[in-house]
Amino acid sequence: MDTILKTIDLTKKYDGRTVVDNLNIEIKKGEIFGLLGPNGAGKSTTMNMICNIVKPDYGTVEFMGKDFRKNKKELSKRLGYIPQNLAIHGSLKAWENVELFTSLYGIKGEELKDRIDESLEYVGLSERRNDYAKNFSGGMKRRLNIACAIGHHPDLLIFDEPTVGIDPQSRNFILEKIKESNKNGATVIYTSHYMEEVEAICSRIAIMDNGRVIASGTSDELKKLVVDDVESITLEEVFLTITGKKLRDY
Amino acid sequence: MIRYLIKNNFKIMMRSGVNILLYIVCPVLVSAVLISAFSSLMENYKPDEEFMAKYGAIEANFEDQVNDNQTNFADQTNADQSEDADQANGMTSSFNISAINIEHPYFVPAIDSTDYYGIIEVVYFGWCAIVCISGLLSSEKKNRINDKLYVSNLSVTQIYLARLIPLSITCALGVSIAAVIGMVFMGVHWGNLVLSAIVVILMIFAASAFEMMLYEITNSMLVTIIVSFAIVWIWGFFGGSFETYMFSPHSMTLKNIDPIYHGNRALVELSCMGHSDYVLSSVIYSVLMIVVCSIVAVFAGNVRRRKGA
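Here the protein sequences line up with chains A and B, keeping their order.
The working numbering applies: residue 14 is where the first sequence begins, and numbers increase by one.
The working numbering applies: residue 3 is where the second sequence begins, and numbers increase by one.
Have a look at this one:
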């Protein structure tokens with residue numbers, strides 16, 4: 014498989030503390046890549062650097078074989094970012110939110126209208142397109158958050174904890190949609206604290222701690238780092254064994 | 003690319019009840035209160051309908067002199083008129099009048115409290131533009147919407163314009179409605195409507211740019227509102243937003259560096275005279291503010307973006 018995204022010695026410090034430390038990860042085209050780590054491990058900072066929200070102190074991000082920072086104009090259209098925060102406006106209707114974010118990628122006119130319909134249909138909000146986002150439930154807002162990031166048909170989708178604080182039905186729906194997007198050709202980077210989610214959808218997983226990747230592989234490969242019998246241990250137990258049980262108060 | 007962003011930001015601002023209250027209801031209410039409170043004070047500024055002018059006579063040859071302030075009665079007809087006027091005022095004119103100079107003082111036509119406060123308060127609320135966009139900026143900050151704007155490769159300048167343009171339009175629409183209400187229900191006269199509209203709209207753009215610049219520098223809506231309101235209040239204090247600039251004892255230097263003074267004076271004079279020398283200075287002041295504040299705002303935004311804040 015071709016590499017779609019690669020970080021080379023990615024480093025970021027805040028107030029003298031190294032948050033991401035010479036990070037080297039490689040994501041293959043067509044995979045769902047899970048990024049796990051305790052609070053303060055550097056996952057969100059890594060995501061922000063990959064998405065060009067935060068400038069790294071050192072290192073580069075290669076996206077589609079090119080330096081992302083130097084080819085932002087061309088490559089940003091190929092990336093879809095679903096942040097942990099609900100990046101939607103409550104006082105806009107569902108379709109207006111999708112219109113706003115999809116239009117940022119140069120889509121306009123009839124094509125934009127079609128993309129809005131398609132995105133809302135995809136997340137099951139077509140019937141509520143004219144409702145204000147502030148009146149939506151938590152799960153609906155999460156789905157609208159996704160609709161706002163997929164309208165421009167990105168090649169790489171980055172989900173930063175997309176299932177926080179929602180009911181099991183909405184969570185299941187979102188996970189199904191992520192798998193569907195992947196089947197349709199999108200590569201996915203997925204971060205979450207829910208180990209069962211990561212285990213269920215990710216083809217490869219990296220565990221981060223203190224700004225570094227300390228283990229990576231498939232779910233079974235990670236389990237084998239701890240025990241031989243992969244059926245006898247959960248991913249969460251592996252995670253706790255590798256990262257330790259000490260509380261992370263960042 | 004930012005057309006839809008401008009459109010949706012505009013919708014967000016237009017849907018805010020606070021904006022309707024601040025830019026339509028408040029100017030009308032405050033105008034009504036001040037018009038009523040200062041009506042007797044402003045009456046004193048009106049000239050008497052009939053007034054007596056005194057003149058002096060000087061010894062001179064018959065000269066044909068006309069300048070800005072003086073008219074010489076240089077022929078017999080005018081001399082006769084002045085003699086008649088003398089007698090009518092009970093004065094005896096025993097000397098031989100060869101020339102009489104009558105001064106024509108420059109009178110600014112009077113403005114009453116209805117026109118003054120009906121105009122000034124609408125403008126003052128236009129200077130409080132930042133409140134109009136506070137809901138949008140708070141939502142952007144709380145939901146980290148800027149991150150998504152950055153991911154889409156929008157530049158800081160584009161994001162700034164996508165805020166400034168709808169902010170200024172929304173604010174201008176609000177105060178325009180307030181102005182129309184004032185005209186229809188309180189009888190406020192704006193005089194030259196076209197020039198007045200240009201002055202007001204440019205001032206609102208200037209106010210928006212100035213306050214957006216403060217926001218970009220402070221990155222805090224609360225601090226921006228406090229600082230903006232304090233500065234606008236000071237400008238309003240010296241510029242005639244509370245006490246009329248005609249009666250205020252403040253120095254002309256303070257007034258001349260005050261953008262609100264230039265705007266207020268231009269609008270008041272347009273109302274009562276139909277023209278004003280202050281239109282040009284107000285327009286120049288506003289355009290300068292828009293350009294300088296926008297440059298500083300974009301610079302501050304770029305610095306913050308580079309830091310990844």
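Even for Gly, the Cβ is constructed at its ideal location relative to N, Cα and C.
Nearest CB-CB separation between N10/B and chain A: below the 9 Å threshold.
Here L139/B has Y217, M223 as same chain residues with Cβ atoms under 7 Å from its own Cβ, once five neighbours each way along the sequence are excluded. For L163/B, the uninterrupted alpha helix (DSSP H) segment begins and ends at 158-183. Between the stretch 81-96 of chain A and the stretch 160-179 of chain A, the count of Cβ pairs shorter than 8 Å is three or higher; the stretches touch.
Counting along the chain, the unbroken alpha helix (DSSP H) around I214/A starts and ends at 208-214.
Scanning the stretch 146-175 of chain A from its first residue to its last, the whole alpha helix (DSSP H) runs of 4-plus residues come out as 151-163. Checking the DSSP bridge columns, you'll see E75/A partnered with K19/A, D80/A.
Taking 9 Å as the cut-off between beta carbons, the residues of the stretch 134-164 of chain B near chain A are G137, L138, S141, E142, K144, N145, R146, I147, N148, D149, K150, L151, Y152, V153, S154, N155, L156, in sequence order. If you look at T58/A, you'll find it in the alpha helix (DSSP H) that goes 56-63. Counted as a single uninterrupted DSSP element, the stretch harbouring G241/B is not any beta strand (DSSP E) but the alpha helix (DSSP H) occupying residues 223-241. Against I14/B, the close residues of chain A are H102, S104, L105, in the order they occur along the chain (beta-carbon pairs closer than 8 Å). Along the stretch 111-128 of chain A, the positions whose C-beta sits under 8 Å from a C-beta of chain B are E112, L113, F114, S116, L117, Y118, G119, K121, L125, read in chain order. For R308/B, at least one C-beta of chain A is nearer than 9 Å to its own C-beta. The Cβ neighbour count for T226/B, taken over all protein chains shown within 10 Å, is at least 16; the residue is labelled buried. Taking a cut-off of 8 Å for Cβ pairs, the stretch 117-125 of chain B and the stretch 159-167 of chain B do not touch, as fewer than three such pairs fall below it.
Rounded to the nearest whole angstrom, the CA to CA distance from N197/A to P96/A is 21 Å. The residue among N258/B, V202/B, I8/B, S41/B with its C-alpha nearest the C-alpha of L269/B is V202/B.
M215/B sits away from L169/B, with the two beta carbons spaced by 9 Å or more. S229/A is bridged by DSSP to A219/A. Neighbours of N65/A across chain B, judged by C-beta separation under 7 Å: Y152, V153. Note that the stretch 107-117 of chain A touches the stretch 126-146 of chain A; at least 3 beta-carbon pairs, one per stretch, sit closer than 8 Å.
Put simply, the stretch 207-215 of chain A does not touch the stretch 115-132 of chain A. Fewer than three CB pairs are less than 8 Å apart. Taken through DSSP and simplified to helix, strand or coil, L117/A comes out as coil.
Counting of Cβ neighbours within 10 angstroms places R5/B among the exposed residues, the total staying below 16. Per DSSP, F46/A is not a residue of any alpha helix (DSSP H); the beta strand (DSSP E) it occupies stretches across 45-49.
Only buried fits N21/B, as 16 or more other CB atoms lie within 10 angstroms of its CB. When Cβ-Cβ separations below 9 Å define contact, Y287/B makes no contact with chain A. Fewer than three beta-carbon pairs drawn from the stretch 230-250 of chain A and the stretch 58-68 of chain A are found closer than 8 Å, and the two stretches are therefore not classed as touching. By the C-beta density criterion, V125/B is buried, having at least 16 other C-beta atoms within 10 angstroms.
Three or more beta-carbon pairs separated by less than 8 Å are not found between the stretch 127-138 of chain B and the stretch 76-90 of chain A, which leaves the two stretches without contact. Residue state for V124/B is assigned as helix, using DSSP reduced to three classes.
Contact between the stretch 205-212 of chain B and the stretch 237-250 of chain B is absent: fewer than 3 CB-CB pairs across the two stretches fall below 8 Å.
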